[in-house]
Amino acid sequence: MRSRLSSKERLLAAINHEEADHVPLTFRDTQLPETYAAAPSNQFEAVDIFLKLGVDPMLYLHPDNAWKLDPG
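Residue numbering for the sequence shown follows my numbering, starting at 545 and increasing by one per position.
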């Protein structure tokens with residue numbers, strides 16, 4: 545095992561129950577207050593900040609909420 549895995553390699557190792565350099569770590573940047581002065585201005589800036597901090601940037605895919613509108 546290399547001493548430093550990429551975020552992708554680390555996450556795939558965890559999914560496959562393999563040893564990684566450390567547990568994948570991320571946080572939901574949507575929980576930051578909008579008035580937070582250091583908040584990233586776009587998703588690309590957020591990824592750059594996460595990588596500098598050693599955090600594993602992850603994409604959150606939210607399912608369509610259309611099923612909530614169907615009273616059936």
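Even for Gly, the Cβ is constructed at its ideal location relative to N, Cα and C.
So, is residue i buried or exposed, given that buried needs 16 or more other C-beta atoms within 10 angstroms?
i      : result
Phe594 : buried
Asp565 : exposed
Arg548 : exposed
When you compare each of the options to residue i by their alpha carbons, which one comes out closest?
i      : options                        : result
Phe571 : Arg554, Val591, Glu553         : Val591
Met602 : Leu569, Lys596, Asn586, Ser585 : Leu569
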